[in-house]
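*Asks:*
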Amino acid sequence: MKFQVFGYTISIQKTEIANRATKKATNVRVEKAKQKIIDTVEELKAENKKITQYAVSKRSGVSVNTVKKYKELLI
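Numbers in my numbering are just positions in the sequence shown, counted from 1, shifted up by 883.
Printed below as a string of C-alpha coordinates:
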(Lines of atoms letter the chains of each structure in order from A and count residues from 1; the text may use other names and numbers.)
(Lines give C-alpha, C1' and ligand atoms only; values in the text may rest on other atoms or scores of the structure.)
Protein backbone atom coordinates (compact mmCIF):
# COMPACT_ATOMS: atom_id res chain seq x y z
CA MET A 1 0.00 0.00 0.00
CA LYS A 2 1.21 3.47 -0.77
CA PHE A 3 0.28 6.65 1.05
CA GLN A 4 0.97 10.25 0.22
CA VAL A 5 2.23 12.10 3.33
CA PHE A 6 3.46 15.69 3.13
CA GLY A 7 4.32 15.21 -0.52
CA TYR A 8 6.25 11.97 0.07
CA THR A 9 5.09 8.55 -1.03
CA ILE A 10 5.31 5.99 1.75
CA SER A 11 4.89 2.28 1.12
CA ILE A 12 3.65 0.05 3.93
CA GLN A 13 2.98 -3.66 3.70
CA LYS A 14 -0.48 -4.91 4.69
CA THR A 15 1.08 -7.22 7.27
CA GLU A 16 2.84 -4.29 8.90
CA ILE A 17 -0.46 -2.44 9.18
CA ALA A 18 -2.11 -5.53 10.66
CA ASN A 19 0.76 -5.96 13.13
CA ARG A 20 0.38 -2.38 14.32
CA ALA A 21 -3.36 -2.83 14.80
CA THR A 22 -2.81 -6.07 16.71
CA LYS A 23 -0.24 -4.47 19.01
CA LYS A 24 -2.55 -1.56 19.71
CA ALA A 25 -5.47 -3.87 20.53
CA THR A 26 -3.24 -5.95 22.80
CA ASN A 27 -2.04 -2.87 24.67
CA VAL A 28 -5.63 -1.72 25.21
CA ARG A 29 -6.61 -5.17 26.55
CA VAL A 30 -3.59 -5.29 28.88
CA GLU A 31 -4.28 -1.83 30.30
CA LYS A 32 -7.94 -2.71 30.93
CA ALA A 33 -6.93 -5.87 32.80
CA LYS A 34 -4.38 -3.96 34.89
CA GLN A 35 -6.95 -1.30 35.75
CA LYS A 36 -9.47 -3.95 36.82
CA ILE A 37 -6.84 -5.48 39.10
CA ILE A 38 -5.92 -2.10 40.61
CA ASP A 39 -9.58 -1.18 41.20
CA THR A 40 -10.31 -4.54 42.81
CA VAL A 41 -7.29 -4.31 45.12
CA GLU A 42 -8.45 -0.87 46.25
CA GLU A 43 -11.95 -2.23 46.92
CA LEU A 44 -10.61 -5.14 48.95
CA LYS A 45 -8.36 -2.82 50.97
CA ALA A 46 -11.29 -0.49 51.68
CA GLU A 47 -13.28 -3.48 52.95
CA ASN A 48 -10.30 -4.73 55.01
CA LYS A 49 -10.41 -8.06 53.19
CA LYS A 50 -7.45 -10.28 52.48
CA ILE A 51 -5.88 -9.59 49.08
CA THR A 52 -5.11 -12.86 47.35
CA GLN A 53 -4.62 -13.64 43.70
CA TYR A 54 -7.75 -15.78 43.75
CA ALA A 55 -9.88 -13.10 45.46
CA VAL A 56 -8.74 -10.44 42.99
CA SER A 57 -9.37 -12.78 40.06
CA LYS A 58 -12.84 -13.78 41.21
CA ARG A 59 -14.00 -10.25 41.97
CA SER A 60 -12.44 -8.50 38.97
CA GLY A 61 -13.32 -11.09 36.34
CA VAL A 62 -9.69 -11.33 35.27
CA SER A 63 -8.15 -14.79 35.02
CA VAL A 64 -5.91 -16.05 37.82
CA ASN A 65 -3.05 -16.34 35.32
CA THR A 66 -3.40 -12.66 34.42
CA VAL A 67 -3.44 -11.67 38.09
CA LYS A 68 -0.30 -13.76 38.64
CA LYS A 69 1.34 -12.07 35.66
CA TYR A 70 0.76 -8.65 37.22
CA LYS A 71 1.20 -9.65 40.88
CA GLU A 72 3.21 -6.49 41.54
CA LEU A 73 -0.12 -4.63 41.38
CA LEU A 74 -1.36 -6.48 44.46
CA ILE A 75 0.91 -4.58 46.82
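Note that beta-carbon positions come from the ideal geometry of N, C-alpha and C, so glycine has one too.
(1) Do V939 and V924 have their C-beta atoms within less than 9 Å of each other?
(2) Assuming T935 is part of the beta strand (DSSP E), what are its boundary residues?
(3) According to DSSP, is Q918 part of a helix, a strand, or is it coil?
(4) Return helix, strand or coil for I893, following the three-state DSSP convention.
(5) From the DSSP output, in three-state form, read off V888 for me.
*Replies:* Well, looking at it:
(1) Start at 1 with the first residue of the sequence shown, and residue 939 comes out as number 56. Start at 1 with the first residue of the sequence shown, and residue 924 comes out as number 41. Yes, they are a contact pair.
(2) Looking up residue 935 in the sequence shown gives position 52. Careful: T935 lies outside any beta strand (DSSP E) and carries neither H nor E.
(3) In the sequence shown, counting from the first residue as 1, residue 918 sits at position 35. Q918 falls in the helix class under three-state DSSP.
(4) Counted from its first residue, the sequence shown places residue 893 at position 10. The answer is strand: DSSP assigns I893 an E or B state.
(5) Here the question's residue 888 lines up with position 5 in the sequence shown. In the three-state DSSP reduction, V888 falls in the strand class (E or B).
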